[in-house]
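Per this note's numbering, numbering through the sequence shown is continuous, rising by one, with the last residue being 1168.
Positions of the beta carbon are idealized from the N, C-alpha and C atoms, including for glycine.
A quick note: this is a predicted structure, and the numbers were derived from the prediction, not measured.
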Amino acid sequence: MDTDPASSADRRTQSYILAAIFVEFIFYGAYVVLYAVALYLMTRRKSIYNDSWGARMFFIAINVMFIQATLHICVNFYRGIRAYGEVVFETPINYFEQNYTSWDNLSHIVMFGNMLWFGDALVIYRCYVVWNRNIWIIALPLLLLAYSVVLNLVLYAWWELDFASPEEMHPVISTGYPLAFIQNFLTTGLITYKLWAQYRESVKAGVIAYGGPVRIITVMRIVIESAALYTVELMVIIPLFFVNHPAQFVIQSALVPSVGIIFVLMAIRLHLAQQEEILRNNGIQSVIPPWFSNDPRLQQTSTHNGDGVDPELSLEVLSTATTKPPQLVNRASEATLNRKADEAGGSLGEV
């Protein structure tokens, strides 16, 4: 029996890396299902190309993220076959640690960084829209995102050029996850605060949830709950990284599909919340989504609400409408609301 501590640690790390591949497959499987549902909900409209720029951007973004997540899991699976099946090096751990400049190991970490950047950029843009396109509100999150991009580019160059020792690079590397957590917490907090402030204004005005397909408090809950998965994963991986525990690789692999899950899950939940609100306003009680039912009343409400308002208005339009008296909201024309939605980048996914 081998009692070498180094060999024992290597075997433990190999086990965690293998577990990480399986965990990513599980998360990716859930991602595929949610992505298919979200894609169906978005493409079932008459023409997605008639949507606002923000809606089209979100639609393109979730497709790009899904492609990246698919490529990432394919590369990760290939790495597992090479390391554990073909045993290219003496041990699987040597394949990952001594062959980190190979195309598969390098592309694996590059796609990991790209996925996180994409997700962070979408969250920052959502925060920008919710705050009425105030660039100063997102100044700090943008700086943190820029730092993350520069940090990863430096790491890519370091792997190729080896211009510093691991000890010298460790203080720089160790800032990555904490700053990602701060940025995510900050943007989610800003969005939540804006929603809560708008909700308080609506309460003071005596108008709650008029003029929009989803109540503000419901949107706020969806935003917080959807962001919770990514936040919890960062909270877990940070201490694991600093104590150099191999379980960090499991969380790292789960992060890639999790980022995509956040946005498609938010799109689905917002759609369901919209349909629930529309059904309630029309006096229909049903737990069956309209797009799964043959009931003509439900089919009608799945595309058009009682006031003639497109059910995929943005949060910004919702926030504006909730401060208006009910009679003014009910008189608003569909053209006016659609124009406001275009100005706000209105879409199901932009909220």
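Buried versus exposed, by CB contacts within 10 Å (16 or more), residue i
| i | result |
| --- | --- |
| threonine 918 | exposed |
| lysine 1021 | exposed |
| tyrosine 850 | The question names tyrosine, yet the displayed sequence has valine at residue 850. Per the 10 Å Cβ criterion, exposed. |
| serine 991 | exposed |
| alanine 837 | buried |
| serine 832 | exposed |
| arginine 861 | exposed |
| serine 1171 | A question about residue 1171 goes unanswered here, because the residues of the chain that appear run from 818 up to 1168. |
| valine 967 | exposed |
| tyrosine 866 | At tyrosine 866 the pLDDT is 49, less than 50, meaning the model places this residue with poor confidence; the figure from the coordinates comes in the next sentence. When all chains shown are included, tyrosine 866 counts as exposed. |
| serine 965 | buried |
| serine 1136 | Caution is warranted here: a pLDDT of 37 is assigned to serine 1136, below 50, making its placement in the model unreliable, and no coordinate value can be reported. |
| glutamate 841 | buried |
| isoleucine 952 | exposed |
| alanine 997 | buried |
| tyrosine 857 | exposed |
| leucine 978 | exposed |
| isoleucine 1212 | Shown here, the chain extends from 818 to 1168; a query on residue 1212 therefore has no answer. |
| serine 1110 | In this prediction, serine 1110 scores a pLDDT of 46, lower than 50, which makes its location untrustworthy; the coordinate-derived value is nonetheless stated afterwards. It counts as exposed. |
| asparagine 880 | exposed |
| methionine 882 | buried |
Neighbourhood of residue i by C-beta distance below 6 angstroms, restricted to the same chain and skipping five residues each side
| i | result |
| --- | --- |
| glutamine 1102 | Since pLDDT at glutamine 1102 reaches only 49, below the 50 mark, its modelled position is unreliable, and no value is offered. |
| valine 1076 | Met932 and Gly936 |
| leucine 1057 | Ala1064 and Gln1065 |
| aspartate 1112 | Summary for aspartate 1112: the model assigns pLDDT 47, below 50, so the residue's position carries little reliability; its value from the coordinates is reported in the next sentence. Cβ neighbours of aspartate 1112 beyond the five flanking positions: none. |
| valine 854 | Ile1085 |
| tyrosine 852 | Phe883 and Val1081 |
Delimiting residues of the alpha helix (DSSP H) encompassing residue i
| i | result |
| --- | --- |
| proline 983 | 983-990 |
| isoleucine 921 | In the sequence under discussion, the amino acid at residue 921 is aspartate, which differs from the isoleucine named in the question. From DSSP, the alpha helix (DSSP H) with aspartate 921 extends over 920-947. |
| arginine 1038 | 1033-1059 |
| proline 1063 | Per DSSP, proline 1063 belongs to no alpha helix (DSSP H) and is neither H nor E. |
| tyrosine 1016 | 993-1022 |
| asparagine 969 | 956-978 |
Nearest candidate by alpha-carbon position, reference residue i, set the options
| i | options | result |
| --- | --- | --- |
| tyrosine 1016 | Asn1001, Glu1050, Gly902 and Val1036 | Val1036 |
| phenylalanine 844 | Val966, Thr1004 and Ile1079 | Ile1079 |
| alanine 796 | Asp921, Ile926 and Ala956 | Only positions 818 to 1168 of the chain appear in the structure, and residue 796 is not among them; the question remains open. |
| serine 1043 | Leu1082, Glu977 and Ala878 | Leu1082 |
| valine 835 | Ala1084, Trp1013 and Tyr912 | Reading off the sequence, residue 835 comes out as leucine, not valine. Measuring from the Cα of leucine 835, the nearest candidate turns out to be Tyr912. |
| phenylalanine 839 | Gly897, Glu1018 and Thr908 | Gly897 |
| alanine 826 | Asp979, His1062, Ile877 and Asn949 | His1062 |
| histidine 925 | Ala963, Tyr895 and Ala853 | Tyr895 |
| methionine 859 | Tyr848, Tyr942, Ala847 and Arg873 | Arg873 |
| tryptophan 920 | Tyr973, Gly902 and Phe883 | Tyr973 |
| methionine 986 | Arg950, Leu996 and Trp975 | Trp975 |
| arginine 950 | Lys1011, Ile1041 and Trp934 | Lys1011 |
| valine 971 | Ile952, Gly930 and Thr830 | Gly930 |
| isoleucine 1054 | Pro995, Leu978, Asp979 and Asn1001 | Pro995 |
| valine 989 | Arg829, Phe1059 and Thr1048 | Phe1059 |
| tryptophan 1013 | Ala997, Ile1034 and Leu1046 | Ile1034 |
| leucine 1089 | Thr1048, Leu1046, Ile1039 and Met1052 | Ile1039 |
Own chain residues within Cβ distance below 8 angstroms of residue i, not counting five before or after
| i | result |
| --- | --- |
| methionine 928 | Gln885, Leu888, His889, Val892 and Val1073 |
| isoleucine 999 | Leu961 |
| isoleucine 954 | Cys944, Tyr945, Trp948 and Leu1007 |
| glutamate 1050 | Ile1068, Ala1071, Leu1072 and Ser1075 |
| leucine 959 | Ile941 |
| glycine 993 | Ser965, Leu968 and Asn969 |
| isoleucine 1041 | Thr1005 and Thr1009 |
Close-in-space but distant-in-sequence residues of the same chain around residue i (CB under 7 angstroms, 5 per side omitted)
| i | result |
| --- | --- |
| leucine 1003 | Leu957 and Pro958 |
| alanine 900 | Pro909, Tyr912 and Phe913 |
| serine 824 | none |
| threonine 830 | Ile910 and Pro1063 |
Residue i Cβ short of 7 angstroms to the ligand SAH heavy atom set
| i | result |
| --- | --- |
| serine 1075 | In terms of ligand content, the structure shown is empty, and the ligand SAH therefore cannot be addressed. |
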